[in-house]
Structure formats: structure tokens, C-alpha cells
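Residue numbering for the sequence shown follows numbering that gives the first Met the number 0, starting at 0 and increasing by one per position.
For glycine and all other residues, C-beta sits at the position ideal for the given N, C-alpha and C.
Quick caveat, the model's predicted, so the values are computed rather than measured.
Reviewing the structure listed below.
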Amino acid sequence: MLKYFSLAMLIFSLGCVTTQPNYGLVLNLQSDPPAVFQNSITKVHVDITNTDIKRLENVKAEIFNPGLMSPLNNQLCVQRGDFGTLFAGEFRTFSCDFSARQINQDRVRTTLDAKAIFDADFEAVQQVELITEQEYNNRVASSGVQLKPQSYVYNDRNIELRVDFTDSLPVVIKEGRQFFVRFTIRNIGNGFINALKPEDVSILQKPSLEQGITESNVLQSVNAQGNFEPCRLEETLLPIGKEFPSFSCQIFMPSNARAITNYNFIIQIRYHYEIRDSVTVDIVR
0 MLKYFSLAML IFSLGCVTTQ PNYGLVLNLQ SDPPAVFQNS ITKVHVDITN
50 TDIKRLENVK AEIFNPGLMS PLNNQLCVQR GDFGTLFAGE FRTFSCDFSA
100 RQINQDRVRT TLDAKAIFDA DFEAVQQVEL ITEQEYNNRV ASSGVQLKPQ
150 SYVYNDRNIE LRVDFTDSLP VVIKEGRQFF VRFTIRNIGN GFINALKPED
200 VSILQKPSLE QGITESNVLQ SVNAQGNFEP CRLEETLLPI GKEFPSFSCQ
250 IFMPSNARAI TNYNFIIQIR YHYEIRDSVT VDIVR
């Protein structure tokens with residue numbers, strides 16, 4: 000009788016559900032019951048909620064470390080966790096049965112670990128004003144020049160993009176002077192990004208059509224052969240902690256530009272993200 004009373008108290012104390020911060024994808028595990036006798040079965044519930052404002056693709060969740068528990072049907076459990084696309088605000092759940100192994104102590108606490116992976120798209124639009132040196136001097140001599148910030152930050156629930164220019168905008172094209180823009184990507188979510196490959200990052204350059212500008216490759220980067228080409232990520236980036244190494248591109252004034260030219264740079268990032276959660280189960284002999 001005392002053994003059953005102890006198990007009931009364990010279930011009561013472990014039955015609390017913890018809440019998680021409002022990240023893009025939230026993974027939550029619960030065990031029912033949270034305490035079992037050896038060779039008995041507990042059901043582990045895996046809840047997935049997309050709290051982001053955009054859809055997430057290729058969403059998969061699995062319990063990759065069962066601890067001292069044995070899955071009764073691991074293949075079925077893996078199939079249940081393959082969700083495909085999750086739209087904004089969508090909630091999905093599945094459960095798997097686990098059997099507690101035999102133990103050589105009166106009570107052992109074991110941990111089951113789960114992970115969820117998904118793909119997401121991030122996009123930011125950076126406007127840049129280019130101005131000739133003559134026009135800049137004319138403005139300084141008359142009404143002055145209204146400077147814009149040197150740095151800009153864009154983010155979703157998981158990553159942050161920082162755009163830093165050599166100097167405050169507008170970009171003043173002067174002979175003999177080089178002007179650069181630096182891109183830095185940082186993981187601000189509760190999970191992991193293993194790498195960003197060149198095909199994961201693209202930079203589209205859109206000139207202001209109403210100004211009659213047709214040349215679009217204002218941003219240029221140097222490739223492995225030492226030649227200029229349209230700005231792009233040249234090599235795979237691996238994170239150092241939460242931050243990826245920066246990459247830079249040089250800004251050139253288009254040959255057919257007027258005194259003032261506006262450009263939009265559209266930065267698109269496709270990233271693969273992983274989050275994790277765990278739950279504990281007490282095994283009683």
C-alpha cells in the first residue's frame with residue numbers, strides 16, 4: 000500500500016505543465032502518467048504549435064532519446080511526427096507508448112528528449128539612396144543633407160539580420176573612395192542552425208524604375224577567382240555561438256545613374272531550424 004501511495008504522490012508532484020516563451024515553433028512534451036512501475040507503460044504526448052505569423056515547412060518531431068524507456072512501436076511514432084507544413088497558429092499533437100525498463104533501485108528518474116526540425120523563409124528589404132558627390136555638395140551648400148542611420152536590423156522569431164554600411168546614408172560616391180555593406184546573421188531563437196550555404200542566401204537588387212535606371216548590380220562581391228560579380232554569399236557559414244561570420248559587398252554607382260538614385264536590396268534567407276524539449280518519468284520498482 001505504501002508503494003502505491005508513493006507512486007500517487009510522484010504523479011501529483013510531476014503533473015505540472017511548464018509554459019515556454021513565445022517562439023516561432025513551440026515543442027512541448029508530457030508523460031501520462033509521469034511515474035510508473037518498472038515494465039509498465041506511459042504515454043508521451045508531443046505537442047507542436049506554430050506561434051509564428053508565417054508558415055513553416057518540412058516540420059518533423061521525434062523522440063530521439065528515450066532514456067530508460069523502450070518505445071513499443073518506434074516506426075509508427077516517427078510517422079506520426081511527420082507533419083509537413085504548419086500554417087501560422089496551427090497546433091498538432093501525437094503520442095507514443097513507452098515501457099519502463101527494469102531497475103535495480105527503488106526509484107529512478109529518467110529523461111526522454113525530443114526534437115522538432117523545420118524550414119523557414121526570411122526576407123528583408125533594405126533601401127539605399129546613392130548620391131553623386133556634386134549633388135551632395137550642392138545640398139550641403141543650400142539646405143543641408145539629411146543623414147539616415149548607418150545600421151539596420153531585421154528579424155523574425157528565429158533569426159536576426161543586421162545590415163551595416165561604411166557610413167551613414169546616403170551613399171556618397173566619391174572618386175577613390177570605397178563604400179561597403181556588411182551582412183551579419185544571428186540566431187535569436189530557442190534552437191539551432193547548423194549552417195547557412197550559399198544557396199540559402201540570395202540578394203536581389205531592384206533599381207528605382209521610375210528614375211529610368213536599368214543597371215541593377217550595384218552590390219558586388221569578389222569571388223574565389225578575385226573577380227567582381229553580383230553580391231552573394233560565397234561560402235558556407237558556420238555559427239560561432241549564436242552568430243554567423245559576416246560577409247560584405249562593395250557598392251558601386253551605376254553608370255547611367257542620375258544625381259540621386261534609390262535602390263532596394265531584397266535579402267532572402269532559407270534556413271533549417273531545430274528545437275528541443277524533454278520530459279522526465281519516474282520509474283518505481
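A Cβ-Cβ contact shorter than 9 angstroms links R161 with S150.
Look at A60 here: in three-state DSSP terms it is strand. In terms of Cβ geometry, R231 and V180 do not form a close pair [threshold 9 angstroms]. The beta-carbon separation of G80 and V45, rounded to 7 angstroms, stays under the 8 angstroms limit for a contact. Secondary structure at A140: helix, using DSSP grouped into helix, strand and coil. In this structure, the straight-line span from the alpha carbon of G240 to that of N157 is close to 14 angstroms. Less than 9 angstroms separates the beta-carbon of D163 from that of T183.
Note that the C-beta distance between T260 and I130 is below 9 angstroms.
Under the three-state reduction of DSSP output, V217 falls in the coil class, being neither helix nor strand.
Beta-bridge partners assigned by DSSP to Q249: F179, Q219.
Of all alpha-carbon atoms in P244, K59, V144, the one lying nearest the alpha-carbon of A119 is that of K59. The segment 61 to 118 is shown to contain whole beta strand (DSSP E) runs of 3 or more residues at 68 to 70, 81 to 85, 90 to 99, in chain order. Cβ-Cβ separation between E128 and V170: approximately 7 angstroms, consistent with a contact (criterion under 8 angstroms).
Shown here, P169 sits in coil according to DSSP, grouped into three states, outside any helix or strand.
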